[in-house]
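Residue numbers (this note's numbering), protein chains in the order written: chain S, 46 to 766; chain B, 46 to 766.
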């Protein structure tokens, strides 16, 4: 039996009623970057959103959205005593679910009672961080009387799906000591091969109601625990299925070893405020279970299901990338390689819209295909899909990626990424913006019109300041990359930059200083886009009163926010938080104070940016509120479950990333001077936090950072040892 | 008693039930350009939409739309016999309403019966075309028994209003032999002075329930008609009220003399198809009652009420102007002077949106103020106003006006209009477009982005072909005007064109040949705007099935048409119909055939353009259908009464103008070579029409045109006399 020795490493959920089963599924998610397994119980089926979600594997059913695939659940179990199934009809004396964050193990303990018979069911499971295709579980049973228990173990082919059914057919068989279910998907002919072995042995095949498995018998002696292990192997698109020969204990041990290493570098300790500590740890946990093991990225709802189609958004580069860059540069590079490998998809998208260069997918699927629909919202009043512009007009996505690409080099000084595709990503992003640029003939400024910025409640705006700033950064990065390669690898210059690229760089130099970016007015206030200040001045509370349906979408031209200054999420504030050195204190303060009461925070991407800026403006109490909000998004639940008629529940990795940034860059004020290669901090801890401790890697060195209310230490690891 | 001797000059409506009272109000409208009086009965009140609508006078109530003002109704009458009111409780044996189109006289005859008492009530009324402030009525009563009848005559201050109440207070008095009601409006302090005299004499003041008037007694002798006359004078914003001394008969005679002259030049006779003849005559009637007596223009719903706020749209310049230009150039000049006089409003509007030049009001009120709301539609599902873009993005309006301005000169060779403001209208329109222009840096084309074209179901499109074509025409007209004045009045050149204008003209020359206008593809098809062909291909019938509410608006981003190729009205087709010489036959044919099944004709501006183009493409049968549709819009009723939750009922002058154009330019194929000053025709009459006869004035000459199936004659009047 695995036990966490430290309670602050554990999230405990007692009883069966609060929070809901659906919320627990999000909250107690385990994962290993390749798979996610929701925090549900072994007796649950698809109505309770059981899911073994697969990263970067997509399939579509005609007329519905293409989305990530959930594998058949290999862990279904049911127990029967004398023909009486042990289920909700029994009295549940005690129930607890424990998420062990140190090891990413999900544990459950349930004690059932009926007619003085007491049976205790325990199990724990993990998705191996060492053998990525392995899902392992140990089950324990104990009773207060000796008895025979019938055990039904099965793979559940009745899969929970939002836009399914994705499996056209299943092959089911028992072979040697394995139960095998092989599903083939409708559209892409993906094969998902789920083989299961367990220590009860395979006998008495059961095949009913979507459940394919075995019926075994287990003899319990009074007050003696009996246990058995289940080991599942999930193999995707391969005909080679290496037999797992390791035992549960061996797998567990290897798994834990990886997790020890992960936490060693990733943990951020908060002293003085246990709630904050726990929430931050929980946030980091959620990023660690998404650590990309290969050149994949991270879906916006993690691996908690198919919401947002299992697609990758800008969340990765802007909200998650800093954590991985600073704690696990190899994983950070995986994230960027995903974008390098999907560049062709981004080029195709640009071309399809009549532009040049690379226009990355707003919702990226395999090959960089954009899974975003032109009708991404369903109107609650008419039930009709509504034309939305996330896909075709939220153009800042390419710049966000180019920004992360440059950041990676700047941070690591590892030029190889730029020599192996990174330069092309930046150049093609710049080329895209150049081709989507217009000259305002009257003002002689270069402009980007008809876009959607981070604030998605205002679609189709002109000269969104965030967007134009990101475009300018992209242009600057393109020039910097060229200068860098020219200096360090002059002989490669002709290979990496062709004639068209050189013309592009000349064009960039010509336009760079006449780009329209709304400047601060005399009070420091910056307009979010052309005409924003002419909109009705309102607050989110005012708009709530105008709602005619609780789930109605605030954006699109019919939404309550559209004609007003109420915004969904940080926009100008995000720009100031990302580039705090570009604007003086007063500007940051003025904009924080202006935009804050006008922001709904209808996106979980919002709070962290406000928190970061609040640290810059000295409003640490505010920042702490935002920190707790972003760090507990999934811990406490309560985030929006619907946008229009579309289900959007699941975990929020970007919130987790935001919590990390807020702690490390906000409260600790950690910053880098990449030119000099120095690290500094600027402590601005909330009153209740005494101390903040964390590690980062920077240019192949490990540093330990300690922040107190009025001091900080940054030590290289070798100095400390 | 006035009788029309020719029945084809009369629109007769029998009975009280079909069509509805509201439809009759539209259908039997009378007017004199300054006032309109709806086709209602003297006993009706505001619930039946009685209105004496005033042109070019507007007032607003806080929180509601500013709109045209309806004057208190001076013609209310009620009759009582022995304490028994003669109303619907009586048996209506016979009822007819006659609209005499030759004289714009409304006549009603009603025979009531109760307990063998039969009373016949007759009246006829007209808005004097000679004394514009006069509304006159003769009332006749006859009974089958001798009796005393109590007559209540009153001015009804309980005015029908859509966005009222506009009157803050009324002064009411009897003075000498007059009943005077003077109303003052809330916002603008307009005064409307309504004085009434009648031949019963003023006695026994009555003042109840909004009715201010007199109670008189009338002795009827068995089978002998008794009559009395009512003469009202409506005077606006003046303290001088000239006493009317003319009798009903004198007023009538002067009025008829004017109408004889009007019809003499305006009538278009159709032989062989009486229905078509009647419908066209009815259309011309509706334009004649709107003939501007001074420098005012024509509201989109004529003078039938306050719908569309009583505002002036592009309907005037594109759909009505040709009729007046060809039959009454003085009136045409009034229409243009209205735009010259409202140029300052157009300049203010441009400036308010950050542009230069003149951006004319989409819904023009006094001073050129735009009465169009940013929220012009109310969603039927939520009851919330929806942001619409008619006002700020339907930029072709300035070009439409500039086009009419140049047409006036080209047609009349009367340069004076260009020397007295017309040039400035064209130049400032061009300046506006220049300031709203962008350069697509990738394609090196000048573009107009984010506009609304004639097809209002697709808001916020880029490079609407109609719009860009009109812009180009404006640019060309600016160059032509300059060349013309340079040639004919070189000494005025420096006065009319300042240095900024000269720079503008140079800029125009530089951009004129790189304006983006979608060209016909190899099949001749022209795209309505960037990306139109990527929209879902659908038909209006398909979309009707998607409706969730009968009155829901098809446009805005939530409307059923928005994501499809279904368009509200002629757009590419309007361009081809307006400039048939710019494109070859095949292009016109291809586009007619492509766009026709995709057009809802949700605007009454649509049918005439399709009909005109159908004449060009040889589809005369189609053209005839469109002709009948546009010519009978108000005669048969049945047009849309609601857009979203907004009432839009009333008359449709642009449909009338379209019917005229279709007859004269479509069927007759009348065209001008302004360079040579010649007129030609190209008969393409529908089979059932034998002959078409009409007059036009052209450059101070009067011509009589006769069109038969295979021949035509154009004779100058002096040659024919």
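Don't be surprised by glycine CBs; every beta carbon is placed ideally from N, CA and C. All of these numbers come straight from a predicted model, not from anything done at the bench.
**Prompt:** Do residue 235 (chain B) and residue 348 (chain B) come within 8 angstroms of each other at the CB atom, strictly closer than that value?
**Reply:** no
**Message:** Taking its Cβ as the centre, do 16 or more other Cβ atoms sit within 10 Å of residue 443 (chain S), making it buried, or is it exposed?
**Reply:** buried
**Message:** Applying the 10 Å Cβ sphere with the 16-neighbour rule, what's the burial state of residue 516 (chain S)?
**Reply:** buried
**Message:** What ranges does the alpha helix (DSSP H) occupy inside the region 324-354 of chain S, keeping only unbroken runs of at least 4 residues that lie completely in it?
**Reply:** none
**Item:** Residues bridged to residue 280 (chain B) (per DSSP)
**Value:** B:238
**Prompt:** Exposed or buried, which one is residue 53 (chain S) when buried takes at least 16 other CB atoms within 10 Å?
**Reply:** exposed
**Request:** For residue 510 (chain B), decide whether its Cβ has a neighbour in chain S, counting only Cβ atoms nearer than 8 angstroms.
**Result:** no
**Asked** If we ignore side chains and look at the alpha-carbon of each, how far apart do residue 82 (chain B) and residue 415 (chain B) end up?
**Response** 25 angstroms
**Message:** Classify residue 143 (chain S): buried if its beta carbon has 16 or more other beta carbons within 10 angstroms, exposed otherwise.
**Reply:** buried
**Request:** Go ahead and label residue 711 (chain S) buried or exposed: buried means 16 or more other beta carbons lie within 10 angstroms of its beta carbon, across all protein chains shown.
**Result:** buried
**Request:** Use the C-beta contact count for residue 344 (chain B): other C-beta atoms within 10 angstroms, 16 or more gives buried, fewer gives exposed.
**Result:** buried
**Item:** Secondary structure of residue 70 (chain B), DSSP reduced to three states
**Value:** helix
**Item:** Per DSSP, cross-strand counterpart(s) of residue 430 (chain S)
**Value:** S:423
**Request:** Compute the distance between the beta-carbons of residue 112 (chain S) and residue 355 (chain S), then report whether it is under 8 angstroms.
**Result:** yes
**Item:** Beta-carbon proximity of residue 273 (chain B) to residue 230 (chain B), cut-off 8 angstroms
**Value:** no
**Request:** Identify the contact partners of residue 483 (chain S) in chain B, using a Cβ-Cβ distance below 8 angstroms as the criterion.
**Result:** 483, 484, 485, 486, 492 and 494
**Prompt:** What's the gap between the Cα of residue 753 (chain B) and the Cα of residue 657 (chain B)?
**Reply:** 18 angstroms
**Message:** Quick check on the burial criterion: 16 or more other C-beta atoms within 10 angstroms. Buried or exposed for residue 513 (chain S)?
**Reply:** buried
**Request:** Determine the DSSP secondary structure at residue 488 (chain B), reduced to helix, strand or coil.
**Result:** coil
**Asked** With a Cβ-Cβ cutoff of 8 angstroms, do residue 705 (chain S) and residue 303 (chain S) count as a contact?
**Response** no
**Prompt:** Beta-carbon separation of residue 611 (chain S) and residue 585 (chain S) under 8 angstroms?
**Reply:** yes
**Request:** Give the C-beta separation of residue 278 (chain B) and residue 178 (chain B) to the nearest angstrom, bearing in mind that I take them to be a contact with Cβ-Cβ under 8 angstroms.
**Result:** 5 angstroms
**Message:** Please report whether the beta-carbon of residue 480 (chain B) lies at a distance below 8 angstroms from any beta-carbon of chain S.
**Reply:** yes
**Cβ of residue 712 (chain B) within 8 angstroms of any chain S Cβ** = no
**Element boundaries [beta strand (DSSP E), containing residue 364 (chain B)]** = That residue, residue 364 (chain B), is in no beta strand (DSSP E); it is neither H nor E in DSSP.
**Request:** For residue 404 (chain B), go through chain S and note every residue whose CB falls closer than 9 angstroms to its CB, in chain order.
**Result:** What residue 404 (chain B) touches in chain S: nothing, since even the nearest Cβ is about 13 angstroms away.
**Message:** Excluding the 5 residues flanking residue 76 (chain B) on each side, which residues of the same chain have their C-beta closer than 6 angstroms to its C-beta?
**Reply:** 172, 334 and 348
**Identified DSSP bridge partners for residue 751 (chain S)** = S:738 and S:758
**Request:** Check the C-beta distance from residue 86 (chain S) over to residue 153 (chain S) and give it rounded, since I have them as a contact under 8 angstroms.
**Result:** 6 angstroms
**Prompt:** Helix or strand or just coil, what does DSSP make of residue 214 (chain S)?
**Reply:** strand
**Prompt:** By Cβ distance, which residues of its chain are closer than 8 angstroms to residue 564 (chain B), with the 5 residues on each side in sequence left out?
**Reply:** 571
**Asked** Out of B:509, B:57, B:438 and B:309, which has the shortest C-alpha to C-alpha gap to residue 738 (chain B)?
**Response** B:309
**Asked** What residues in the region 420-440 of chain S have a beta carbon less than 8 angstroms from any beta carbon of chain B?
**Response** 420, 424, 426, 427, 428, 429, 431 and 432
**Asked** Does DSSP classify residue 81 (chain S) as helix, strand or coil?
**Response** strand
**Prompt:** What residues from chain B crowd round residue 505 (chain S), counting only those whose CB sits closer than 7 angstroms?
**Reply:** 505
**Item:** Opening and closing residue of the beta strand (DSSP E) in which residue 162 (chain S) lies
**Value:** 162-172
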